[in-house]
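Counting in our numbering, the sequence shown tops out at residue 318, every number present.
Every residue, glycine too, gets a C-beta built ideally from N, C-alpha and C.
Working notes, structure below.
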Amino acid sequence: MDGGARLQPHDVAKMRAAGRLAAALLDMVAREIRAGMSTQDIDRLVDDMTRARGAISAPYRYHGFPGHCCTSINDVVCHGIPDPNRILREGDIINVDVTPILDGFHGDASRTFMIGAVPAAAQRLVQDTYRALWKGISAVRPGATTGDIGHAIQCFVEPRGYSVVRQFSGHGIGRVFHTAPAILHYGRPGTGERLVPGMTFTIEPMINLGDWRCHILREDGWTAVTVDGSLSAQFEHTVLVTETGVEVLTLGADEALAIEPPPAQLSGDTLLAGNSL
Ligand code: MF3
Ligand code: CO
Ligand code: CO
C-alpha cells in the first residue's frame, strides 16, 4: 500500500467522514464569505471549525505553508496565502481550498466563490470550471485510466476558449495528503494509471481565461499566478472509485447526494441544474 491511494475497506468510512468535514467547512465558508472580510478572516473561520470538529488543518506548516487553507483570488491559480491585509472586494473571485485531517484521513476540496456581482466573463469561467470538474468525475470508473479524466476535462474546457493549468494536478489521497497517482487535468484517453475500486484521489482543475502558464511569486515561494494576469478558477473534490463507478466524498449541501448508479446517467449538466452555481 503506497500511503493510502488504495483504501482498505474498513478505512472507507473514515475517508467518508473526512470528506464530509471538508464539504461542511466549505458550506460554512459559503455562508460567511463577503466583501470587507480579509482572507485571514476566512483562515480563522476554517481553523476554528476544523478544531471544533476534532480535526486539524493539513495545509498548516505543510512544507512550511503558513495558513490553514489556501485563498486564491482572481489571477492567483492556487496556494494563495491568507493575509490580514487582503480585503475581499465586490467583483473578486476567490478559491478557498480546505484539507482537514480527521481520524488520520484527509478530505480535500475547494470551491471558487464570487463576491457580490462579478463580471460576466468571470462568472462564466467559474461556472464552466465547476462543470469541467464534473466532466472529470464522470470519467471515473473501474477500468478507466487517469488519462480519461484529463481528456474529459480538456475536451470540455479548450473549445470554450479557456486553458488548463499544467503545473499542478490532482493526487492520490488518504492517510497521506499527496501521493500517487497524479491526476492531470489534460491528456489522452487510455493513458496513465488504470483505476481500480478502493482508490481515492482528488480532481481539481485550474482553468484560466487566458494563457495556461503560471509562475510562483518569489517573495513568498507559494502564490501561483497566471503569467498573463488573466483570471483563474478552480473546484476540487475527493473521490472514491467504487465497484460500479465513483463516489464523491466531498459533496456540498447544494450538490447531489451520491453518484450511484454510475455517472454516465448523471452528467455534470444534470447536477448543475439543481445547484446554486
Ligand atoms: N489543498 C491543496 C491541494 O488541493 C494543497 C495545499 S498545500 C498547501 O492539493 F501547502 F499549499 F497548503
Ligand atoms: Co488536492
Ligand atoms: Co485542495
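Distance from Ile-156 to Ala-76 at the Cβ level is roughly 5 Å; contact confirmed, criterion being Cβ atoms closer than 8 Å. Of the residues assessed, Glu-296 falls on the buried side of the cut-off, its CB having 16 or more other CB atoms within 10 angstroms.
Distance check between Arg-235 and each of Ala-63, Thr-186 and Thr-140 places Thr-186 closest, using alpha-carbon atoms only. Counting along the chain, Ile-122 sits inside no beta strand (DSSP E), nor does DSSP assign it H or E at all.
With a cutoff of 7 Å, Gly-213 does not count as near ligand 2, since its C-beta is closer than that to no heavy atom of the ligand.
For Gly-145, the closest of Val-266, Arg-57, Arg-254 and Leu-281 by C-alpha to C-alpha distance is Arg-57. Between Asp-252 and Thr-264, the beta carbon gap of about 17 Å keeps them out of contact (Cβ cut-off 8 Å). Taking the C-beta atoms as reference points, Thr-80 is found nearer than 8 Å to Pro-123. Under the DSSP assignment, Thr-264 falls outside any alpha helix (DSSP H); it carries neither an H nor an E label. For ligand 2, no non-hydrogen atom lies closer than 7 Å to the CB of Asp-269.
In terms of Cα proximity to Asp-82, the closest of Ala-65, His-109, Ala-274 and Gly-60 is His-109.
If you check the C-beta of Thr-153 against ligand 2, you find no heavy atom less than 7 Å away.
Look at the stretch 126-164 and you find no whole run of alpha helix (DSSP H) that is 4 residues long or longer. Your pair Thr-243 and Gly-293 does not check out as a contact, with CB atoms roughly 15 Å apart and the cut at 8 Å. As the crow flies, the alpha-carbon of Arg-85 is around 37 Å from that of Arg-182. Membership of Glu-288 in the beta strand (DSSP E) is indicated by the continuous run 287-289. With fewer than 16 other Cβ atoms from the protein chains shown falling within 10 Å of its own Cβ, Val-237 counts as exposed.
Boundaries for Met-240: no alpha helix (DSSP H) harbours it, and the DSSP string shows neither H nor E there. The three-state secondary structure of Cys-255, taken from DSSP, is strand.
By the Cβ neighbour-count rule, Asp-138 is buried, with 16 or more other Cβ atoms within 10 Å of its own.
Excluding the 5 residues flanking it on each side, Asp-149 has same chain C-beta neighbours closer than 6 Å at Thr-140, Ile-214, Thr-243 and Thr-279, in chain order. The secondary-structure analysis by DSSP pairs Gln-275 across a beta bridge with Met-247. Taken in chain order, no unbroken stretch of beta strand (DSSP E) lies wholly in the stretch 69-95 with a span of 3 residues or more. Ranked by Cα distance from Gly-228, the first of Leu-62, Gly-191, Arg-201 and Leu-48 is Gly-191. Taking all protein chains in view, the Cβ of Pro-160 is surrounded by fewer than 16 other Cβ atoms within 10 Å, so the residue is classified as exposed.
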